[in-house]
Amino acid sequence: MSALGLSDDILASGLGNEGASSYVPQDTVCDSKACSGPETIRLCDTESVPDFFNDEIEPTVDGNYMEYSSSKEFDSVNNPVPVQESITVENEGPEIELGDLFCEEASGSASLPPEVLKLQKKEKAAQLSGGHISSKIDGIWKKGDPQRIPKAVLHQLCQRLGWEAPKFNKLPGKVGGYSYAISVLRTASGRGKSRKVGGLITLQLPEQDESFESAEDAQNRVATFALYRLFPELPIHQLITEPYSSFVARLEEGESLTEVENSVETRRASFVDSLLSADNSGSTTSMDIMNNSHEKLEKSLVQEDLNSASNATKARRTNNYKEVESAYLRQEQEKKSKTQRYKDMLQARGALPIAELKGDMLQLLKDNDVLVVCGETGCGKTTQVPQFILDDMIEAGLGGYCNIVCTQPRRIAAISVAERVADERCEPLPGSDGSLVGYQVRLDSARNEKTKLLFCTTGILLRKLAGDKSLAGITHVIVDEVHERSLLGDFLLIVLKNLIEKQAADCIHKLKVVLMSATVDSSLFSRYFGNCPVINAEGRTHPVSTYFLEDIYENLKYCLSSDSPASMKYRTPTKEKLRGNPVDNHRGKKNLVLSAWGDDSLLSEYDMNPNYDPSSYQSYSERTRQNLKTLNEDVIDYDVLEDLVCHVDETYPAGAILVFLPGVSEIYMLLDKLTASYRFGGLSSDWLLPLHSSLASGDQRKVFLTPPENIRKVIVATDIAETSITIDDVVYVIDCGKHKENRYNPQKKLSSMVEDWISRANARQRRGRAGRVKPGICFCLYTQHRYEKLMRSFQVPEMLRMPLVELCLQIKSLSLGHIKPFLMKAIEPPREEAMSSAISILYEVGAIEGDEELTPLGYHLAKLPVDVLIGKMMIYGGIFGCLSPILSISSFLSYKSPFLYPKDEKTNVERAKLSLLTDKLDGVNDANEGDRQSDHLVMVVAYNKWANILREKGAKAAQNFCSSYFLSSSVMYMTRDLRIQYGNLLADIGFIDLPKSFQAGKMKDKLDNWFADKTQPFNNYSQQSSVIKSILCAGLYPNVAATEDGIVGAALGSNLKQSASLATKGRPLWYDGRREVHIHPSSINSSIKIYRYPFLVYLEKVETNKVFLRDTSIISPYSILLFGGPMNIQHQTGLVSIDGWLKLSAPAQIAVLFKELRLTLHSVLKELIRKPEISAVVENEVVRSIVHLLLEEEKPQK
């Protein structure tokens, strides 16, 4: 009867004096004979149930299903809706970034009448906030708390009851898998007749032959079974994560109900009948559709078998509820379709090219599980296809079942598209009451239980899969912009393909997948999904004319001089970076007159463009041919760019100009040249607008504004403007043909940002940005020969050029099997060495062990949406009592440095950094010269000062502080949000306990201040710079570099020795064990000549013309000894080598002590990570001893 919301206690009120307590099956702990040994006892004896649960239990609610309330107390409340018609749906939890995002309940009560919604809220409050159960588990779980893994919940319950911690015992004979039994030693409780006997209980799964791929999964599975057996009154399914919550449902489904007497069932059935018919004369709602639906629902309930514990009955009740909702949504849709505003919007939507294909697309989607929609830019696919599906389901009377998730590659796209779609549907803003549209991105959410169409980033959907591998409740997944071939996008396609194949094998056709792109290689994706159908949509009808570089030269009568950087004749001794150079308005004019007269000077073979083909340019002038012959195509010619923008502004009709450049420095180089030109001085300069992902959202929105009459809007953008946003008034596009890509070399284990040519697909996308409102023009700063013959058809997928560490960790977290076999299922699998490199790093960090088994550390790292090294650093920061500074460092490293570098201000920025460190580290008493040798500590000081000023003096004073110290205000605010998010995530996995007064996503100022509170145990040593830098080492190792003094001679090698002898300016050279490396010029350590220690740590290593280390901190030998790699002690020489290449001097006795201490520390940390709830730093002797050693090392030698 629990599915009706009727507990046995409530039913007893209608059965006379024959009261019945909550039913507990009287079967044994395990049905198999293997469990019947002397150590296995009967679980559900009267004596074995803790008095903790002895009181009457209020009825629990399964949030997945519609429930009915029939208590007499509730019946007496004066409600406008009869009690038997009341419908409740579990309330959603708080806005955690990625968890509990797409529950089926979320779509359960869309747009219901106010009376029903009001009644829902009352019942939700009664079920989830009050009652005995909530008081029993107070401090362990409360409404809105995220679900936790079963092991953690079981441990907390045992701890609450004073029982010993559960012990897991591996069962023998499980070949190729894991299976465990669990033992719980309970203590006796109570006195006299109420005394409850304790004792040892041993449990194992009923299906003894069942085994699991990982030890973690097997232990959580048996812990789930123990929770189900030991605490039958608790709503276990609400406390624990998927897939274990579903396992509880299966256990309930298999529970035998035959022990219930038929006579009791008959009396219960008649009692329910009386409840359902009690209020036939009650008041009714005013809407006929709801009346009819409720009457239908009531009749079906009376006719159902009252064995409501079965999932089949629950499913029928859910379906009935969804039918009510579907009918209501269809009625609302019909009402809306009669309004003039909606009719006008439908007419505008119908003019989009994609509208012609609506019928075909919907039919193909009904007949197939996967559909590829390929549409040119402007056809309307992103906004219309999700609405086609939603409208079709509502009109078909299936709106209640509809749950569409549409992924976008970028946050700005998910938000802007959701807002646009809500506007087109004549609905309020996404997430508002009355809107079926919502969005969910990192750190921002606008959705509610009525949301039927959710736009989100790809990562959000992947995190949903961690809790629900079958995506239960989701009807459609739409993956937009698949042509971008992002790392997460390709990963999502593997998961969706596996899910579709599993559905087909089980003869279940539930989830539908739509892949959308403007320039997708449709045949590639169609083949990957079993030759699924492809539907093609034409773009906007406005034509776009294309001019290539040879045409631009001809029209501008442009002459490429020999001293232009874009000329092959140009000579420069070094490659100078654009950033940091003053604006240079000097143009290459050497031999300009001679060139105009026809310079006949011969070109050497070295000075000729290797891609120049004279036969292709017969019809062009001699000047143009000479330009193309001497052109260095790898260099952007800012002179011709400036001339072209001015030429368009001067000679072409009104319309915005969109210029594509590869990076931020290139954007500001062109903007500075234009600002300095005569054409764009004065008011016109206000409409020279940059557009890139680093801009604040407010600055990004400026590109959508309309300029005053007679002023041209010029937008200079990175490839963010290719697909993520559409600017309607752009008529002219200037495409430099370049972009920047992050590429990873698995052999060198370093990333490099490379400027490279775009693909033809990218070029078509950029061209499509023109002509949105009228015929457009695209100017390509590359030749037609390069476009047709040299450019790749499509860009290189990120999976083939990006590090795979985080992706591999997620594969293990999602229990998707071994890493390499899974990734080999990708549409274009990564290289073997890239996968091996990622797996190697996971072993080094300690995230996996043995046969790719996920460790407790790895399990927690997978929950943190950061680089694994940063995640490890955060966990260690909490254990070692310096959480607040580590949260700041982690946020900056995950996002970006807060420091700005204006032109000609490098020296002033360095002074600002030093002045921040001149003051003591936020009250630190051990500030010394060593503290000045850390970029990470500079970030900590900057954030602490900014946060204090913001709290005490307000936003304007904080802005002034940022201006004085060359800090980005927007980065500081983002860092605050990330600190709160990361702190909440650490709380979710049990490392810290958030105060009850704080709710996730609310009271940001107070919550951030709480994380910074020095009186909290996790901040005991937050003012000790030596501890902070040691935790940096613990997290970032093996990202270590050393000077010659810190390297074993053999490891230095002949090449490194030779370079060491060439050290100049009195500064030591640094090495990473393989090669010479350099501290990045932006680092505070780049200009230092004497370092306190010969070791430093870093996060990122980037190769340009040299290998640079970004964001470095000098670290102590003790940090290396404690947190470094394998240690080798040379007793005779008194030297210690770490990882075979780092060298430290230490007496053998001290070295041996450190080795033993390291082993002890490792075992302690492993236990603390396995059981984070006991990780209070003040309670651990080993951790305190380590901290004491680190503090002693920093003291000046006497």
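Following this note's numbering, the numbering of the sequence shown begins with 2 at its first residue and continues without gaps.
Yeah, the Cβ is synthetic: ideal placement off N, Cα and C, and Gly gets one too.
Here the structure is a predicted model, which is why all the values come from computation and not from measurement.
In this structure, ASP370 lies near HIS510, with their beta-carbon atoms less than 8 Å apart. Per DSSP, the beta-bridge partners of ASP445 are VAL442.
Exclusion of the five residues before and after ILE637 leaves CYS737 as the residues of its chain whose Cβ lies within less than 6 Å of its Cβ. Distance from the CA atom of PRO429 to the CA atom of ALA447, rounded to whole angstroms, is 12 Å. Nearest in C-alpha terms to ALA722, of all of ARG411, ASN1106, ASN961, is ARG411. Judged by beta-carbon spacing, ILE479 lies beyond the 8 Å limit of VAL373, meaning their Cβ atoms are not closer than that value.
Residue burial annotation: ILE241 is buried, with at least 16 other C-beta atoms found within 10 angstroms of its C-beta. In its chain, beyond the 5 residues on either side, ILE150, PRO151, LYS152, TYR245 have a beta carbon closer than 8 Å to the beta carbon of ASN221.
Shown here, HIS1081 sits in coil according to DSSP, grouped into three states, outside any helix or strand. In this structure PRO886 is buried. Its beta-carbon is surrounded by 16 or more other beta-carbon atoms within 10 angstroms. Collapsing the DSSP output to three states places MET362 in a helix. Among the bridge pairs identified by DSSP, TYR1072 is matched with ALA1043, GLU1077.
Closest by C-alpha distance to SER1027, out of THR676, SER1114, HIS861, is SER1114.
Straight across, the Cα-Cα distance linking PRO822 with GLN785 is about 42 Å.
Bounds of the alpha helix (DSSP H) holding ILE553 are 550 to 557. In summary, ILE1091 is exposed, with fewer than 16 beta-carbon neighbours lying within 10 Å of its beta-carbon over all protein chains present. Contact check for LEU675 against LEU689 passes: the beta carbons are separated by less than 8 Å. Counting of Cβ neighbours within 10 angstroms places ASP640 among the buried residues, the total reaching 16 or more. Spatial neighbours of ARG528 in its own chain (CB-CB distance under 7 Å, excluding positions within 5 residues in sequence) are not present.
Runs of the alpha helix (DSSP H) lying entirely within the segment 738 to 792 and spanning at least 4 residues, in chain order: 761 to 768. Here the alpha carbon of LEU659 sits roughly 40 Å from the alpha carbon of MET825.
Within the same chain, and ignoring the five residues on either side of ARG980 in sequence, the residues whose Cβ sits closer than 7 Å to its Cβ are LEU888, SER889, SER892, ASP1009, PHE1012. When only Cα atoms are considered, VAL734 and ILE728 end up about 11 Å apart.
A distance below 8 Å between beta-carbons, with the five flanking residues on each side excluded, links SER760 to the following residues of its chain, in chain order: MET792, ARG793, SER794, PHE795, GLN796. Under the three-state reduction of DSSP output, CYS809 falls in the helix class.
Taking all protein chains in view, the Cβ of GLY1050 is surrounded by fewer than 16 other Cβ atoms within 10 Å, so the residue is classified as exposed.
Scanning its chain for C-beta atoms nearer than 6 Å, with the 5 sequence neighbours on each side dropped, one finds around CYS1034 the residues VAL1098, ILE1116, SER1120, PHE1124, in chain order.
For the alpha helix (DSSP H) assignment, the uninterrupted runs of no fewer than 4 residues enclosed by the segment 441 to 509 are, from N- to C-terminal side, 459 to 468, 488 to 506. Burial is judged here by how many other beta carbons sit within 10 angstroms of a residue's own beta carbon; ASP868 has at least 16 and is buried. The criterion of a C-beta distance shorter than 8 Å is satisfied by ILE1048 and TRP1142. DSSP places THR976 in no beta strand (DSSP E) but in the uninterrupted alpha helix (DSSP H) bounded by 970 to 989.
Only exposed fits ALA505, as fewer than 16 other CB atoms lie within 10 angstroms of its CB. Contact check for GLY656 against VAL715 fails: the beta carbons are separated by 8 Å or more. Note on geometry: alpha-carbon atoms of GLU634 and GLU396 lie some 56 Å from one another. Sequence-distant Cβ neighbours of ASP757 in its own chain, meaning closer than 8 Å and more than five residues away, are LYS739, HIS740, LYS741, GLU742.
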